[in-house]
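**Q** Numbering (our numbering), first residue to last: 8 to 345.
All residues carry an ideal CB built from backbone N, CA and C; glycine is no exception.
Since the structure is predicted, the reported quantities are computational estimates derived from the model, not experimental observations.
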Ligand SMILES: [Fe+2]
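(1) Would you say the segment 63-76 touches the segment 135-151, given that touching needs at least three Cβ pairs under 8 Å?
(2) Are residue 301 and residue 199 close, meaning C-beta to C-beta below 8 Å?
(3) Over what stretch of residues does the beta strand (DSSP E) that includes residue 153 continue unbroken?
(4) Rounded to whole angstroms, what's the CA-CA distance from residue 319 to residue 173? Just pull it up for me.
(5) Between the Cα of residue 165 and the Cα atoms of 331, 338, 340 and 339, which residue gives the shortest distance?
(6) Go ahead and pull the three-state DSSP assignment for residue 221.
(7) If we count the other Cβ atoms within 10 Å of its Cβ and call it buried at 16 or more, is residue 297 buried or exposed?
(8) Classify residue 26: buried if its beta carbon has 16 or more other beta carbons within 10 angstroms, exposed otherwise.
(9) If residue 21 sits next to residue 51, beta carbons under 8 Å apart, how far is it from one beta carbon to the other, in whole angstroms?
(10) For a test of your reading of the model: does the CB of residue 193 fall under 7 Å from any non-hydrogen atom of ligand 2? Yes or no.
(11) What first and last residue would you give for the alpha helix (DSSP H) that runs through residue 366?
(12) Using only the heavy atoms of ligand 1, determine whether one of them is closer than 7 Å to the beta carbon of residue 304.
(13) Rounded to whole angstroms, how far is the Cβ of residue 160 from the Cβ of residue 209, which I believe are closer than 8 Å?
(14) What are the boundary residues of the beta strand (DSSP E) that residue 306 is part of?
(15) Assess, as a yes-or-no matter, whether the segment 111-123 is touched by the segment 320-327 under the definition of 3 or more beta carbon pairs within less than 8 Å.
(16) Just the Cα atoms here: how many angstroms apart are residue 155 and residue 142?
(17) Please report how far the alpha carbon of residue 232 lies from the alpha carbon of residue 54, in whole angstroms.
(18) Quick one: measure Cβ to Cβ for residue 244 and residue 238, integer angstroms, because I've assumed they're closer than 8 Å.
(19) If I'm right that residue 202 touches residue 144 with Cβ under 8 Å, what's the distance once you round it to whole angstroms?
(20) Which value, in whole angstroms, describes the spacing of the CA atoms of residue 340 and residue 334?
(21) Excluding the five sequence neighbours on either side, which residues of its own chain have a C-beta within less than 6 Å of the C-beta of residue 17, listed in chain order?
(22) When we look at the beta-carbon of residue 193 and count the other beta-carbons within 10 Å, is it buried (16 or more) or exposed?
(23) Along the chain, where does the alpha helix (DSSP H) containing residue 22 start, and where does it finish?
(24) Is residue 256 buried or exposed, if buried means 16 or more other CB atoms sit within 10 Å of its CB?
(25) Would you give the residue range spanned by the beta strand (DSSP E) that residue 251 belongs to?
(26) Along the chain, where does the beta strand (DSSP E) containing residue 247 start, and where does it finish?
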């Protein structure tokens, strides 16, 4: 995979910028910072801004960008936490890294979180959590995470998935496949643009994943519950038939029993993406943005260490159009989808 490698001068410039922001904001989720993140982002080195701008506007076939070379101080960030539910104090050890993730993402769009996922946090901590080993979500470990579109079930899902790696000592690969130039026959291709399919919510939006909400949140989970019991029929591909957008999560999809043609097209798409799936090995300090409309991603299985050195990254969703979710957020400046 090609990488955008920061020069020494670019790293120094980013460190100065991030330190200036960290001096006046305790959290990368501080609404005042989020309101100005796109402005601050214009103070990043021009070559980096140009790369992110081109990634957003040219929609390259690669469908991911990896920014490499930002040093992470392994001692400063502390031990890999045992759970994503960190206190403000625990999170402050990675404030600079979170700020950098938000800044780079701000050149692609605006970051968003979900009230139903990691208790409404916008920047997630992802690490193996004890007792969740067999789960099909980020905080699991011993099961591979089947490749998917992030939040595929939800109409307000992000356009980009951002990940900043802090630790990956066992070199556990993220998996990745771009949709570009997939070899499917014309009839299957056409069928995938038609609404035959259903995708149910993944467990990261479920109370069982531990995403307890302040003040209950039953109504919110009720909406997810409805998506579980009465999922809408959708198309898996959309946009330009020569270079389509994708929305898929096979692990949470039921077979299409009433239309063999639709089921056959789905199986052909899954097989083609399976064949293309590649390992993406992300190192500490690397920031990866996956184009969530042009590629799928997952993770290989691994054995968690639970020794404070486990694989750990920050995760963030970015939308190109905040207005799309306006009715589902508390106000114009809120970034949390209810
Ligand atoms: Fe994912």
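**A** In this structure, then:
(1) no
(2) no
(3) 152-155
(4) 6 Å
(5) 331
(6) Only weak support exists for where residue 221 lies, its pLDDT of 47 falling under 50; the coordinates are left without a value.
(7) buried
(8) exposed
(9) 6 Å
(10) Ligands present in the displayed structure are limited to ligand 1, and ligand 2 is not among them.
(11) The structure shown has nothing for residue 366, since the chain only spans 8 to 345.
(12) yes
(13) 7 Å
(14) 302-306
(15) Flag = yes, the segment 320-327 and the segment 111-123 touch.
(16) Between the alpha carbons of residue 155 and residue 142 lies a distance of about 15 Å.
(17) 45 Å
(18) Rounded, the Cβ-Cβ distance is 18 Å, inconsistent with contact.
(19) Not a contact, Cβ separation roughly 27 Å.
(20) 12 Å
(21) 52
(22) exposed
(23) 15-31
(24) buried
(25) 250-253
(26) 244-247
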